[in-house]
Structure formats: C-alpha cells, structure tokens
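One structure is given below, encoded as structure tokens.
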Amino acid sequence: MNRERHAAHRPLADYVVIREAEVFTDPDFTNGEASLSDPEIDFFKENGFLLKRGFLDEPEAFERIIDYVWENVPRDLFRRDDLESWVGSPVDKWTEEDEQVGQIQGDSWKMRSREGIGTEPFFLDGIANNQRMRTLVSLFIGEPIKRARRVRGVYCQFPKPPGTPGKLAPHLDYTAGQLNAMVFVDAVPPKCGGFTVWPRSHRRLHPYWDTVQSGSIRDDQAEGYAIARDAAIHEIIPVEFSGEAGDVIIWHPRLLHSAGVNHSAGQDPQILRMIVPCDYQLDDRDFFDDLVHGPGPNHQWWVDTRHFHGDIPTTPDNIWKGWRFAHGL
C-alpha cells in the first residue's frame, strides 16, 4: 500500500498512549430500520459512526461466507475443528504463495484476492448491493449510489494466546470514498476483536486531506495531520463493537479505527472474528485511479471506490459537503 510514502502512516509520537477500548453501549434510539432519525443523524455527525442492530437478515450469505473463510485456509495451517490451531497468528508460517488469499499483518488476516475473493455473489448480492444497504447509504449521501463491484474481503482477527495483552493499531485508510460499512457475519462477543473506533476523530482530521473525499495529504499538511492524529489517539477513549450476524456499523472514512484485540482463546465461545468491510460513494462522476497510493490497479485494488475529478478542497467546516442526511420512510 506504499505506506512508507503516505503521511497517514507517519509513526506515532513517543508521548502517545493508546487507551484501552470500552465496549460500546447502544444509545436508546438504536434500531435496525432502513431509515435515519434526527437523533441518529446527530449522533453520526458528532461521533462519526452509527450502529444498526440486526439490519441484514441474510443467514445463508453469512453461513456461506464463514464456510468460505475456512475453505480458503492455505495448507491446513489452522483448522476449524482444532481450536488450538488458530490461537495466535500464523504470520511466521505465511508464505508468498499463501498471500494469494490475502496478507496476514500481526493478528489480522485480510482474506481477499484481486480477481476472486470479495467479488462473489454472496458478498455483493447478500451484503454490499443488498437493497437495504443501498437504501440506508442513500439516506446518508444521496443517489445514485455506485453499484459495488467488490467488498474488501473478510477481515479475520485471530485470538491472542491466553495472558497476551495485545495492542490496538489506530489508523486511517487513505482510500477515496464517502461512506464505509462494517458488516458482522457472525457473533462477536465483547473483547473478542470487535471493530474499534475513536469517536469524533473524523472532525479533527478532515481538514488535513487534500479534498473532501480524497485519499491524499499534501506534504505541507503532513506534520499538522500527524500532530492532530496523535492528539486524538492520546486523548480519546476508543469504543469496541460487539454484536451478532447482521449488525452493521456505518462510519465516516476519516474516523480513526483499528481491529480490536481478540481475547477469546480458551473461552466459550472461542472465535476467529470475521467482518466484511464495504465502501460506498455516489455514481456518475469522473472517476480516476491513483497509480501511486491507490485505490487503483497498483495499490489498494481491494477498495471499490475511486477518486474523482471535481472533488473540492477541504476546509475546517465542509466535512458534510455533499451529504444528504434524509430520514427515509
């Protein structure tokens, strides 16, 4: 991903302490409807995310995705029916050939491939292009919604060995897009690797990006971005999402986030945490590939959204430029 060349991946300052995540507590207005209420809109604007409980009822797609993960484990490195075999990351055993089904970084396996994994009908019809997803997304950003050609794959988080503390890895993706979603395909109990965010960080970090939906930060903004990012990580208590299959987290692309730490080893249940990330933006724009950092054919090919000509420069107060925020039916 050309991380070493992008401002978003500058190392954290020495003073930064990454706080332990708190398990998210649902607000009273939490629901699973394909609509937005005033409290939901206000919450999303303030915090940068919104949780929809039980939003997707696609048990066949979810079951197929879970089976698909286990079918794609290379060389039987870990086995579904052998719980001890998937405690701890197999990163030291993962070969270049194994990377045909995705890379392992730390405790995370991002299962995907350039032409296959992430493009199958159970990902697209069951999740990304599901009409309920498209309806909800349209209430945030309007229409027409660009039809998904792929999801990012399945992000799997291995259980840490018992007694191993683990550490969050807060970051921003330098993708081009307007709205992201994380879809639970299986149950994720608390402290079992749930998706984790730093609430309100999107508003702090928005002004440093070149344009409102860009994945680029100019050199003259890189230091300011790093300072603002470090302060947000140091000051904000992150929240971790637990949930059930069909729960959906809608989140702003400028929101600091991380995979959670999976402490399920030896517990009942022990899980390989699985979640499906989706990217959304409006269609009918003059899209182009970023050949240096991506998204494009060279880097971040797993991201379905793209830069477009005509995107406007960021200002401190235009983070919601082009958003719809309609209530729906």
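Residue numbering for the sequence shown follows the numbering used here, beginning at 9 and increasing consecutively. Yeah, the Cβ is synthetic: ideal placement off N, Cα and C, and Gly gets one too.
Got a sec? Which residues, its chain only, sit under 6 Å from residue i by beta carbon, not counting five neighbours each side?
i, result
"His265", "Val205"
"Ser272", "Pro167, Cys200, Gln278, Ile279"
"Ala136", "Ala156, Val159, Cys286"
"Gly174", "Lys168, Val269"
"Glu248", "Ala29, Val31, Gly202, Thr204, Gly268"
"Asp255", "Arg61, Phe192"
"Gln229", "Tyr216"
"Ile258", "Leu58, Ala189"
"Val99", "Ile112"
Rounded to whole angstroms, what is the Cα-Cα separation between residue i and residue j?
i, j, result
"Leu347", "Glu48", "Residue 347 is absent from the model: the chain starts at 9 and stops at 337."
"Ile327", "Pro303", "21 Å"
"Gly114", "Ala177", "10 Å"
"Asp319", "Gln289", "12 Å"
"Pro197", "Glu252", "8 Å"
"Glu231", "Asp22", "15 Å"
"Gly124", "Thr313", "17 Å"
"Phe296", "Trp331", "21 Å"
"Thr5", "Val145", "Limits of the chain in this structure are 9 at one end and 337 at the other, which puts residue 5 out of reach."
"Lys101", "Leu213", "37 Å"
"Glu71", "Gly110", "20 Å"
"Glu54", "Pro170", "37 Å"
"Asn80", "Ser250", "25 Å"
"Asp84", "Val284", "23 Å"
Smallest Cα separation from residue i: which of the options?
i, options, result
"Arg88", "Arg281, Asp298, Leu132", "Arg281"
"Gln139", "Glu128, Ile153, Ile149, Val159", "Ile153"
"His315", "Gln186, Asp255, Ala29, Ile235", "Gln186"
"Val95", "Trp117, Phe131, Phe295", "Trp117"
"Val311", "Thr103, Asp181, Trp102, Val77", "Asp181"
"Met119", "Thr143, Leu20, Ile73, Ser93", "Ile73"
"Lys329", "Ile149, Lys175, Asp297", "Ile149"
"Met141", "Pro305, Phe63, Glu231, Pro98", "Phe63"
"Phe51", "Arg208, Asp297, Phe203, Thr103", "Arg208"
"Phe333", "Pro170, Thr143, Phe32, Ala15", "Thr143"
"Pro67", "Val247, Asp194, Ile244, Asp297", "Asp194"
"Pro82", "Asp106, Ala69, Phe70", "Asp106"
"His317", "Asp298, Trp259, Trp331", "Asp298"
"Leu263", "Leu58, Arg13, His14, Leu20", "Leu58"
"Ala15", "Ser93, His260, Arg226", "Arg226"
"Leu20", "His179, His210, Leu213", "His179"
"Thr172", "Ser97, Glu128, Lys101", "Ser97"
"Glu128", "Ala69, Asp46, Ser250, His210", "Ala69"
"Gly336", "Asp46, Arg13, Lys101", "Asp46"
Taking 7 Å as the limit between beta carbons, can you name the residues of its chain near residue i, skipping five residues before and five after?
i, result
"Pro215", "Thr322, Thr323, Pro324"
"Trp78", "Arg88"
"Asp292", "Pro152"
"Gln108", "Ser121"
"Gly8", "Absent from the model: residue 8. The displayed extent of the chain is 9 to 337, so no value can be given."
"Ile245", "Arg27, Glu30"
"Leu91", "Gln278"
"Ser93", "Phe86, Arg87"
"Asp294", "Phe316, His317, Gly318"
Quick one: what's got a C-beta closer than 8 Å to residue i's C-beta in the same chain, skipping five residues either side?
i, result
"Cys164", "Val77, Ser116, Trp117, Lys118, Met119, Leu280, Arg281, Met282"
"Val24", "Asp238, Ile241, His242"
"Asp65", "Gly254"
"Gly56", "Val205, Pro207, Arg208, Ser209, His210, Arg211, Trp259, His260, Arg262, Leu263"
"Asp75", "none"
"Arg13", "Val300, His301"
"Pro305", "Asp297, Leu299"
Could you check whether the Cβ of residue i sits closer than 8 Å to any heavy atom belonging to the ligand ADP?
i, result
"Met190", "In terms of ligand content, the structure shown is empty, and the ligand ADP therefore cannot be addressed."
Is the stretch 268–276 close to the stretch 32–45, with three or more CB pairs under 8 Å?
No, because fewer than three Cβ pairs between the stretch 268–276 and the stretch 32–45 fall closer than 8 Å, the two stretches do not touch.
Starting from the N-terminal side, write out each stretch of the beta strand (DSSP E) that is 3 residues or longer and does not extend beyond the stretch 55–97.
Here the runs fully enclosed are 57–60.
Three Cβ pairs or more, each shorter than 8 Å: is that satisfied between the stretch 41–51 and the stretch 236–245?
At 8 Å Cβ cutoff, the stretches do not touch.
Please confirm if the stretch 179–197 is in contact with the stretch 206–221, defined as three or more CB-CB distances below 8 Å between the two stretches.
Enough Cβ pairs lie closer than 8 Å, so yes.
Quick one: which unbroken alpha helix (DSSP H) runs of 4-plus residues sit fully inside the stretch 118–171? Chain order, please.
The qualifying runs are 139–149.
Inter-stretch contact at 8 Å, needing at least 3 Cβ pairs: the stretch 122–133 / the stretch 224–236:
The stretch 122–133 makes no contact with the stretch 224–236: fewer than 3 CB pairs, one atom from each, lie closer than 8 Å.
Would you mind listing the beta strand (DSSP E) stretches within the stretch 188–263 that are 3+ residues and don't spill past its ends, in chain order?
The stretch 188–263 contains these whole beta strand (DSSP E) runs: 256–259.
At what residue ranges does the stretch 17–56 contain a whole run of the alpha helix (DSSP H), taking only runs of 4 or more?
With a minimum length of 4 residues, the continuous alpha helix (DSSP H) runs that stay inside the stretch 17–56 are 46–55.
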